[in-house]
Amino acid sequence: MQKTVIKNRFMPPAAWSSQLLRASPLFSDLCQSFAISQLTDWPDIGWLNHCAMQAPVQFVDNDELAADGRYYEEYIYATKSVPTRKDNWHDFFGALIWCLFPQTKALLNRLHISEINQHGQKQRTKLRNKLTLFDECGVLICLEPAAAVHATLLRNHQWQQSFVDRRADWWQSIRPVIFGHAIYEMATAPFLGLTAKTLFIEVPAGFSQWSLASTYAYLDKELLTQITKGVLQNPAQLTPLPLLGVPLWYAANQEPQFYTNEDYFRPTRQPAG
Numbered sequence: 002m003q004k005t006v007i008k009n010r011f012m013p014p015a016a017w018s019s020q021l022l023r024a025s026p027l028f029s030d031l032c033q034s035f036a037i038s039q040l041t042d043w044p045d046i047g048w049l050n051h052c053a054m055q056a057p058v059q060f061v062d063n064d065e066l067a068a069d070g071r072y073y074e075e076y077i078y079a080t081k082s083v084p085t086r087k088d089n090w091h092d093f094f095g096a097l098i099w100c101l102f103p104q105t106k107a108l109l110n111r112l113h114i115s116e117i118n119q120h121g122q123k124q125r126t127k128l129r130n131k132l133t134l135f136d137e138c139g140v141l142i143c144l145e146p147a148a149a150v151h152a153t154l155l156r157n158h159q160w161q162q163s164f165v166d167r168r169a170d171w172w173q174s175i176r177p178v179i180f181g182h183a184i185y186e187m188a189t190a191p192f193l194g195l196t197a198k199t200l201f202i203e204v205p206a207g208f209s210q211w212s213l214a215s216t217y218a219y220l221d222k223e224l225l226t227q228i229t230k231g232v233l234q235n236p237a238q239l240t241p242l243p244l245l246g247v248p249l250w251y252a253a254n255q256e257p258q259f260y261t262n263e264d265y266f267r268p269t270r271q272p273a274g
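Position one of the sequence shown corresponds to residue 2 (my numbering), numbered consecutively onward.
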């Protein structure tokens with residue numbers, strides 16, 4: 002079997018680069034949804050707020066949070082303002098996710114506040130941990146009826162069967178969508194070991210060919226419904242996804258040999274005995 006050293010520490014690029022985003026298929030949805038290619042330097046707060054005209058929040062300089070003294074989620078809930086660091090990949094992608102999933106992001110904020118009100122700010126409840134995990138690392142695997150079997154394959158780490166044997170299903174009846182802004186940040190310098198958390202979503206036949214606007218509007222509404230019903234607490238959700246294995250998202254995965262690296266495409270754990 003192929004063995005590869007897994008990179009553990011991540012450092013994003015120090016400088017802004019529109020070319021970096023345009024060149025990677027991982028950022029295709031963002032580049033089509035926002036005028037990123039026109040940017041020659043880091044976008045400012047005004048640019049982000051122009052993108053967020055339909056969102057329930059505005060973006061403000063992170064210094065306002067420091068001066069206010071409230072906890073991050075409490076500040077957003079009370080002011081409908083999202084503190085945003087300048088020249089920062091993580092917060093840049095976080096802002097774009099607010100623009101693409103405004104209802105879902107607002108719901109996550111409300112759920113954090115509900116948990117804080119019940120259990121206090123310092124106690125991280127199981128739900129808050131799930132909310133944060135999805136918010137940072139979530140990837141939606143949208144399955145049309147013809148591709149329903151992939152939920153079982155991916156949950157059971159049957160990477161070869163999903164990514165190689167049934168590769169033709171991807172982008173035809175499976176539509177992957179990145180939600181976690183930390184995943185986008187790490188995709189600026191992708192490395193073997195980059196792993197997301199999967200949320201499986203059932204979608205109508207033909208969904209993979211929908212326009213971007215229709216795709217994101219549907220998913221924002223569907224996530225609002227499903228998360229309200231408790232989907233993030235379902236143990237069959239938020240399972241590991243080796244992100245660079247998703248077809249078309251990483252050039253090296255065109256070769257079947259890529260998937261033989263068990264340090265990255267890990268098999269399911271065998272029971273002790």
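For glycine and all other residues, C-beta sits at the position ideal for the given N, C-alpha and C.
Pick helix, strand or coil for V247, following the three-state DSSP scheme. Coil.
Inset, instruction - For P84, write down the residues that DSSP places opposite it in a beta bridge. - result: Per the DSSP secondary-structure output, P84 pairs in a beta bridge with V61.
> Just checking, does the stretch 205–218 make contact with the stretch 153–160 on the three C-beta pairs under 8 Å criterion?
Replying inline: The stretch 205–218, when compared against the stretch 153–160, does not touch it at the 8 Å Cβ threshold.
Measure the C-alpha to C-alpha separation of D264 and L22 and round it to an integer number of angstroms.
Their Cα atoms are separated by approximately 27 Å.
| query | Per DSSP, W171 forms a beta bridge with which residues? | reply | W171 is bridged to I175.
Restricting to Cα atoms, I'd like to know which of V140, E74, D88 is closest to S82.
Nearest C-alpha to S82 among V140, E74, D88: E74.
Practice problem: Quick one: using the 10 Å Cβ neighbour count with 16 as the cut-off for buried, is T269 buried or exposed? | Solution: Looking at its Cβ environment, which holds fewer than 16 other Cβ atoms inside 10 Å, T269 is exposed.
Sorted by chain position, which residues of the same chain lie with C-beta nearer than 8 Å to I1's C-beta, five sequence neighbours on each side aside?
As shown, the chain starts at 2 and ends at 274. That puts residue 1 outside it, with no answer to give.
Whole angstroms are fine: how far does the CA of D42 sit from the CA of P14?
If you draw a straight line from the Cα of P14 to the Cα of D42, it is about 13 Å long.
*asked:* Tell me whether the stretch 167–175 and the stretch 101–110 touch, counting them as touching only if at least three CB pairs, one residue from each stretch, are closer than 8 Å.
replied: No: the two stretches stay apart, fewer than three of their Cβ pairs being nearer than 8 Å.
- By DSSP, does V204 sit in helix, in strand, or in coil? In this structure, V204 counts as coil in the three-state DSSP scheme.
Inset, instruction - Please go through the same chain and pick out, in chain order, the residues whose beta-carbon is closer than 8 Å to the beta-carbon of A253, but skip the five residues on each side of it. - result: Around A253: L245, F259.
- Take the Cβ of K230 as the centre, count every other Cβ of all protein chains shown within 10 Å, and call the residue buried at 16 or more, exposed below. That one is exposed.
### Query
Taking buried to mean at least 16 other C-beta atoms within 10 Å of its own C-beta, is I7 buried or exposed?
For I7, the pLDDT reaches just 49, beneath the cut-off of 50, and the residue's location in the model is therefore unreliable, leaving the point undetermined.
Three-state secondary structure (DSSP) of N262: Secondary structure at N262: strand, using DSSP grouped into helix, strand and coil.
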